[in-house]
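For the record, the sequence lines run as chains A and B. Basically this note's numbering = 1-based index in the first sequence + 84. Basically this note's numbering = 1-based index in the second sequence + 123. Contents: one structure, followed by commentary.
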Amino acid sequence: MNVSASANPLDSSTVPSLPLMLESLPNPPVDERACPPRVRLQIDLMLLAIEALELGGSELFLAIAQELELQDIVKNRVNLWRMRCTNPLRRSHARRDLSLLEAKALVVIAADLARRLTAIIRQLLLTYQQMHDKQIPLEQNLRLSSYLERFRSHFRSRMNPRRSGVLAYNSPEKLDELALTLLQKLLFCTGTAGMQRLWISLFDGEVE
Amino acid sequence: MTTIQRKYSLPNCTLVLEGLSDRPTDSQSLDGRPVLTILTYVECQLIQAKQTLTGGRDFFESLVTAVSGYAQEFLSHVTHPEAHNKDSGLVQLQKIDRDRHRLIVQPEDRKESEVNSHTEGTTQEVELTTVQLFDLVEAVDQFFADTQTLPDLTLQLAPVSRRYVRSGQQLVKQAVPATVGASGLALAAIAFFLIPIPEAVRRPTEPTSPSAQSTNIANAPPITDPLQLVQLQQKLTDQLRPAWKPNAALGQDLVYRVGVAADGAIKGYVAMNDVANQQVQQTPLPRLLSQFVAGSAATPESLAQFQVTFTPKGEVQVQPWGGK
Numbered sequence: 085m086n087v088s089a090s091a092n093p094l095d096s097s098t099v100p101s102l103p104l105m106l107e108s109l110p111n112p113p114v115d116e117r118a119c120p121p122r123v124r125l126q127i128d129l130m131l132l133a134i135e136a137l138e139l140g141g142s143e144l145f146l147a148i149a150q151e152l153e154l155q156d157i158v159k160n161r162v163n164l165w166r167m168r169c170t171n172p173l174r175r176s177h178a179r180r181d182l183s184l185l186e187a188k189a190l191v192v193i194a195a196d197l198a199r200r201l202t203a204i205i206r207q208l209l210l211t212y213q214q215m216h217d218k219q220i221p222l223e224q225n226l227r228l229s230s231y232l233e234r235f236r237s238h239f240r241s242r243m244n245p246r247r248s249g250v251l252a253y254n255s256p257e258k259l260d261e262l263a264l265t266l267l268q269k270l271l272f273c274t275g276t277a278g279m280q281r282l283w284i285s286l287f288d289g290e291v292e
Numbered sequence: 124m125t126t127i128q129r130k131y132s133l134p135n136c137t138l139v140l141e142g143l144s145d146r147p148t149d150s151q152s153l154d155g156r157p158v159l160t161i162l163t164y165v166e167c168q169l170i171q172a173k174q175t176l177t178g179g180r181d182f183f184e185s186l187v188t189a190v191s192g193y194a195q196e197f198l199s200h201v202t203h204p205e206a207h208n209k210d211s212g213l214v215q216l217q218k219i220d221r222d223r224h225r226l227i228v229q230p231e232d233r234k235e236s237e238v239n240s241h242t243e244g245t246t247q248e249v250e251l252t253t254v255q256l257f258d259l260v261e262a263v264d265q266f267f268a269d270t271q272t273l274p275d276l277t278l279q280l281a282p283v284s285r286r287y288v289r290s291g292q293q294l295v296k297q298a299v300p301a302t303v304g305a306s307g308l309a310l311a312a313i314a315f316f317l318i319p320i321p322e323a324v325r326r327p328t329e330p331t332s333p334s335a336q337s338t339n340i341a342n343a344p345p346i347t348d349p350l351q352l353v354q355l356q357q358k359l360t361d362q363l364r365p366a367w368k369p370n371a372a373l374g375q376d377l378v379y380r381v382g383v384a385a386d387g388a389i390k391g392y393v394a395m396n397d398v399a400n401q402q403v404q405q406t407p408l409p410r411l412l413s414q415f416v417a418g419s420a421a422t423p424e425s426l427a428q429f430q431v432t433f434t435p436k437g438e439v440q441v442q443p444w445g446g447k
C-alpha cells in the first residue's frame, strides 16, 4: 500500500505543516512534550516485534519514514535510536522525553509496517493457534520458532536485565508469551482503524 | 422503498445489514449507493465458530460498542467499561485466556422477560480465538468506515480514564471479604507483623501523620502484569527520587518494602532494617503515603510490591519485591 501523504497545505497558519498521516491521530490530554512511560515502552516493543518478523529493522523504519514524509520527525538512525531508548526497559535508556509528535510518527510507522506484513502475521497466529490446540511444541514450526527466537534475542540484547519489567521475562517461555501477545497486537494494527485503535489504547489509564 | 443490503466480509466473520433509506434519492453518494439510515435486520455470522447472531438496531448498537471497547481493552490490557456493559448492553465480551474470548449476547426481549421471569429467548455465548475476534473487529470497523451505512453511528475512540481504572478496582475490592478491621496505627502494626522480619515489627514507626494509614500490604493480592509493574516502578522512582537528599549521618542504607496501588499511590511501607525503622521520618515515604479513604482501608486492594533502598549518598533504588 502506497500512502503518499503530501504536505498538508490546508492550514497554512501552522508552521511547519504536519504530514497528513499524523492528523488522523488526536492528541490525548497528556503533556504534549512527554509521553507516559507505558506509551514509550509499548511503542518500542511493537517495533521490536516487527524487527523480529522482518529482517532489516531500523533501515526499514527509516525507509517507511521517508515514504510517509515523516523524515522531519524521524530523521536518521541515531535519532530513531534515541527515541526508542526512551523505553524505560532499555539498557541504554535515556532520560529524554518522547513527544506526542514523535510517538505518533513511530505508531504510524509501526502500523504501516504491520499492514504490509498482514499475511505473515495472520499466518503465524493461525499456525500458533493450531499448534497450541494440538499441544505441538512451537519449535516444530520453522517460521514461528524463528520469529520467537529472533524476538528473544532482540529483547535480551537490548533490555536492561536489572529492570523489574525485564526481570518479569526471565525465562524463554515468558518471552515467547510476550512475543505472541505483541504479534496479536500487530494483527489488530493491520485493520481499517487499527492505527487509531493502537494510538488511543496507549493512553488507557493515563488520562483523567 | 427498496431494501438496501450491506455486507462486510472477513474470513471468519460476515456482517450483513439490511435496512431502508429515508433520504431523498438525490442525496446518493458519488458511487451511486443510497444511504442506509433505517436498520431493520442485522446478521453477524461467525463462520469458524459456526454461530449466527441476529437482531435489530439495539443489538447492533450494543454489538459495535462492545466490540470496539473490547478491541481497545485487548490492545491496552486496561478494562474498558463498554466491553462489559451488563445493565444496558445486550452484548458483552470477556477474556477467557490470552487466545480465547467469549462473546455473550442477551436476547433483545430481555427486559420484558425479566418481568415475566420466563425467558423468551436464551443467552447466546460464542467462543472466539484472537484471529476470529480480529475479524469481528475489522467487520465492525469496515462498517464504521462506510459513510453510506448508518452515518449516525461513528467510531468513537477515547482513552479509558484513570478514574475508571481506579473505580473498577474498587468494585473488585468489594468482592473481597474484609480481613482487617482495625485502623490507624493498629492496622499498621498488623501489617508489620505479617512481614517475616520481626525486629522491624516490634517497634512500629511513630504515627507519621494522624490520618495516614498503612494498608495491609503483605496480604494484598499482588499486581502481576509485567507492563503495569514497570509503569508503577517508574512512577514510584519518579516520586521518591526528587524527594531524597544525601544524608551522610545515616551511615547505612534504609530499606523498605513498599506497596503501591494500581494508580501509583503508595499504600503502605514496612521498614526492613532497624535504621530504616528509626529514620523513617527522614524519608519521603510518610509524606507520600496515600491518604486514608473512608471505607476502603479494610479490604485488600491489589498492590505491587517493591523494595526501596535510600542510600546515604542520596540515591534511591527501586526494585521489584523478591526479584533480585
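Glycine residues also receive a C-beta, built at the ideal position from the N, C-alpha and C atoms. The structure displayed is predicted, hence computed values, not measured ones.
So, for residue i: in the same chain, excluding its five sequence neighbours on each side, which residues have a beta-carbon less than 8 Å away from its beta-carbon?
i: B/T175; result: E166, C167, Q168, L169
i: B/I389; result: L359, Q362, V381, G382, V383, L408, L411, L412, S413
Using C-beta distances below 7 Å, list every residue in its chain close to residue i, excluding the 5 sequence neighbours before and after it, in chain order.
i: B/L186; result: C167, V214
i: B/A371; result: P435
i: B/K358; result: G387
i: B/G374; result: P435
Compute the beta-carbon to beta-carbon distance between residue i and residue j, rounded to the nearest angstrom, for a pair I have assumed lies under 8 Å.
i: A/L184; j: A/E116; result: 5 Å
i: B/P90; j: A/A252; result: Here chain B has residues from 124 to 447 only, and residue 90 of chain B is not among them.
i: A/G249; j: A/L173; result: 5 Å
i: A/I193; j: A/A149; result: 6 Å
i: B/P345; j: B/Q428; result: 7 Å
i: A/L210; j: B/V254; result: 6 Å
i: A/E151; j: A/L144; result: That belief does not hold up - the Cβ atoms of A/E151 and A/L144 are roughly 11 Å apart, past 8 Å.
i: B/T252; j: B/D222; result: 6 Å
i: B/S425; j: B/A343; result: 6 Å
i: B/T160; j: B/R180; result: With 8 Å as the limit, B/T160 and B/R180 do not qualify as a contact, their Cβ atoms being about 11 Å apart.
Just list the residues that DSSP pairs residue i with in beta bridges.
i: B/T272; result: B/L159
i: B/G391; result: B/G382
i: B/G179; result: The partner list for B/G179 (beta bridge, DSSP) is empty, contrary to what the question assumes.
i: B/V139; result: B/K130, B/E166
i: B/I461; result: Residue numbering for chain B in the displayed model covers 124 to 447; residue 461 of chain B lies beyond these limits and cannot be assessed.
i: A/M243; result: A/R174
Taking the beta carbon of residue i as the centre, do at least 16 other beta carbons fall within 10 Å, making it buried, or is it exposed?
i: A/W165; result: exposed
i: B/T277; result: exposed
i: A/N171; result: buried
i: B/P369; result: exposed
i: B/E248; result: exposed
i: B/T406; result: buried
i: A/L282; result: buried
i: B/A323; result: Residue confidence for B/A323 is low, a pLDDT of 40 falling below 50, so the modelled location carries little weight; the figure read from the coordinates is stated next. Under this definition B/A323 is a buried residue.
i: A/N160; result: exposed
Give the DSSP-derived three-state secondary structure of residue i in the structure shown.
i: B/L222; result: Contrary to the premise, residue 222 of chain B reads as Asp rather than Leu in this sequence. The answer is coil: DSSP assigns B/D222 none of H, G, I, E or B.
i: A/I157; result: coil
i: A/M167; result: helix
i: A/K258; result: helix
i: B/T253; result: helix
i: A/A277; result: coil
i: B/R129; result: strand
i: B/S284; result: strand
i: A/Y253; result: coil
i: A/R174; result: strand
i: B/Q351; result: helix
i: B/T434; result: coil
i: B/A427; result: strand
i: B/A345; result: Here residue 345 of chain B is Pro; the residue named in the question, Ala, does not match the sequence. Residue state, collapsed to three classes: strand.
i: B/P443; result: strand
i: B/T246; result: coil
i: A/T265; result: helix
i: A/P103; result: strand
i: B/L278; result: coil
i: B/I170; result: coil
i: B/T406; result: coil
i: B/E184; result: helix
i: A/V114; result: coil
i: B/V461; result: The structure shown does not extend to residue 461 of chain B, since chain B is modelled only from 124 through 447, so no value can be given for it.
Cβ of residue i versus every heavy atom of the ligand MG: is any distance shorter than 7 Å?
i: A/I204; result: Of ligands this structure carries none, so the ligand MG is not represented either.
Near residue i, which residues of its chain fall below 6 Å by C-beta distance, leaving aside the five closest residues on each side in sequence?
i: A/A198; result: L270, C273, T274
i: B/P319; result: Low local confidence applies: a pLDDT of 45 at B/P319 is under 50, so the model's placement there is unreliable, with the coordinate-based value given in what follows. Excluding residues within five positions, none has a Cβ falling inside 6 Å.
i: B/E261; result: L133
i: B/V378; result: M395, N396, A399, T432
i: A/A277; result: none
i: A/M279; result: A195
i: B/G192; result: H203, E205, A206
Open item on the list: At a CB distance below 7 Å, what residues from the region 199-228 of chain A approach chain D? Give them in sequence order.
Closed with: Note that chain D does not occur in the displayed structure, where the protein chains are A and B.
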